[in-house]
Amino acid sequence: MMMEQHGKDSRKIILPNLVTTFGMLLGFLSIFSSLDGKMHEAGVYLFTSIILDFIDGRVARLTGTESDFGKEYDSLSDFLSFGVAPALFIYVFFLRSFGEIGIVLSFVYAACTALRLARFNIQQPSTDGKNFIGLPCPMAAGSLISIALIFEMINTQGPMLILLLALLHAILMISSLEFRSFKDIKIFPRLGLKEFLAFLIVILFLIFEPVLFFFSVTNLYIALGLAENFYSFLKKSWRTV
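The numbering of the sequence shown is my numbering, which starts it at -16 and goes up by one.
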């Protein structure tokens, strides 16, 4: 009986780490797609990795298998998928013409991702436990890559704008601004008919228009975070008047 229980617990522990591993594999494939000049394919791999990153932590909490190992492993996976892969993506498709400046900026983006993840691993949660400090790197990567792919869709190069956006996203990642974690969102919530239809529309949007989906979701998330931080700043300013 104890052996059977141990086997079930082992499978529970392995499950979230398998999700993380698959997400890292997709980040790895995105790198090779960028090197092969396959822009859309590289972006789709990254988008799918973002979805798995959203899932793995929730799977760990759902199965009660959160651990320091899983936290560190997830961060290493995130650095590859949302630090190295996007940095290489923007260099190959947009910043190569800047020469050494493009290389340096690509490195800066990857380095800021590493700093963001390192800080997250040693940092206590914000006061209410529902916010991240600094823009989460999956959201930064999703926003930057979706914008880049939209440029490609409308036949606009825009290397200077991508350079500036990459720098902006890098700064937001290492900033002290707070962004919602949405950790209380359930993976398998109980849905009524209206909620189910809305969920179905979202899934269809994701499947048939992944670029527009991630552009909408990530940039709305960033805009919400910036607006909430600005409102919080104004409230503090009013209190001191």
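Beta carbons are placed, not taken as given, at the ideal position from N, Cα and C, and that holds for glycine.
Given the structure is predicted, the values throughout are model-derived calculations rather than measurements.
>> Give me, in chain order, the residues of the same chain whose beta-carbon lies closer than 7 Å to that of Cys95; leave out the 5 immediate sequence neighbours on both sides.
In response: Ala153, Met156 and Ile157
>> Pull the bridge partners of Ile116 from the DSSP assignment, please.
In response: Glu161
>> Contact defined as beta carbons within less than 8 Å: I believe Ala149 pairs with Leu127. What is the distance between those atoms, to the nearest angstrom?
In response: Under the criterion of beta carbons closer than 8 Å, Ala149 and Leu127 qualify as touching, at roughly 6 Å.
> Ala70 and Ser89 look like a contact to me (Cβ under 8 Å); what is the Cβ gap, rounded to whole Å?
Replying inline: 4 Å
> Considering Asn104, what are the terminal residues of the alpha helix (DSSP H) in which it resides?
Replying inline: Glu83 to Ile105
> Just how far apart, CA to CA, sit Glu161 and Leu63?
Replying inline: 24 Å
>> As a quick exercise: from Ile14, Leu29, Phe30 and Arg44, pick the residue whose alpha carbon is nearest that of Lys166.
In response: Arg44
>> If I measure Cβ to Cβ from Met30 and keep anything under 6 Å in the same chain, skipping five residues before and after, which residues do I get?
In response: Looking at the sequence provided, one finds Phe at residue 30 rather than Met. Taken in chain order, the residues that qualify are Pro193 and Phe197.
>> I'd like the list of long-range same chain contacts for Ser16, defined as Cβ closer than 7 Å, with 5 residues on each side in sequence excluded.
In response: Glu24, Ala25 and Tyr28
> Which two residues bound the contiguous alpha helix (DSSP H) that contains Ile190?
Replying inline: Leu176 to Phe191
> Which same chain residues, not among the five before or five after Ile130, have their C-beta less than 7 Å away from its C-beta?
Replying inline: For Ile130, the CB contacts under 7 Å within the same chain, skipping 5 residues up- and downstream, are Leu148 and Phe198 in chain order.
> Around the C-beta of Gln(-12), are 16 or more other C-beta atoms found within 10 angstroms, so that it is buried, or is it exposed?
Replying inline: Since pLDDT at Gln(-12) reaches only 45, below the 50 mark, its modelled position is unreliable, and the value read off the structure follows with that caveat. Around the beta carbon of Gln(-12), fewer than 16 other beta carbons lie within 10 angstroms, which makes this residue exposed.
> What first and last residue would you give for the alpha helix (DSSP H) that runs through Tyr56?
Replying inline: Asp51 to Phe62
> Is it buried or exposed for Ala99, if we count other Cβ within 10 angstroms and need 16 for buried?
Replying inline: With the sequence shown as reference, residue 99 is identified as Arg, and Ala is not the correct amino acid for it. With 16 or more Cβ atoms within 10 Å of its Cβ, Arg99 is classed as buried.
> DSSP state of Asn138, grouped into three classes?
Replying inline: coil
> So the alpha helix (DSSP H) Asp39 belongs to, where does it begin and stop?
Replying inline: Met22 to Thr46
> Measuring CA to CA, which of Tyr92, Asp57 and Glu49 is closest to Phe72?
Replying inline: Tyr92
> Around the Cβ of Thr110, are there at least 16 other Cβ atoms within 10 angstroms (buried) or fewer (exposed)?
Replying inline: Summary for Thr110: the model assigns pLDDT 47, below 50, so the residue's position carries little reliability, and this model does not support an answer.
>> Tell me which residues share the same chain as Phe134 and place their Cβ nearer than 6 Å to its Cβ, disregarding the 5 neighbours each side in the sequence.
In response: Only Gly141 meet the Cβ criterion.
> Pick from Tyr204, Ser159, Thr3 and Phe115: whose alpha carbon is nearest that of Gly125?
Replying inline: Tyr204
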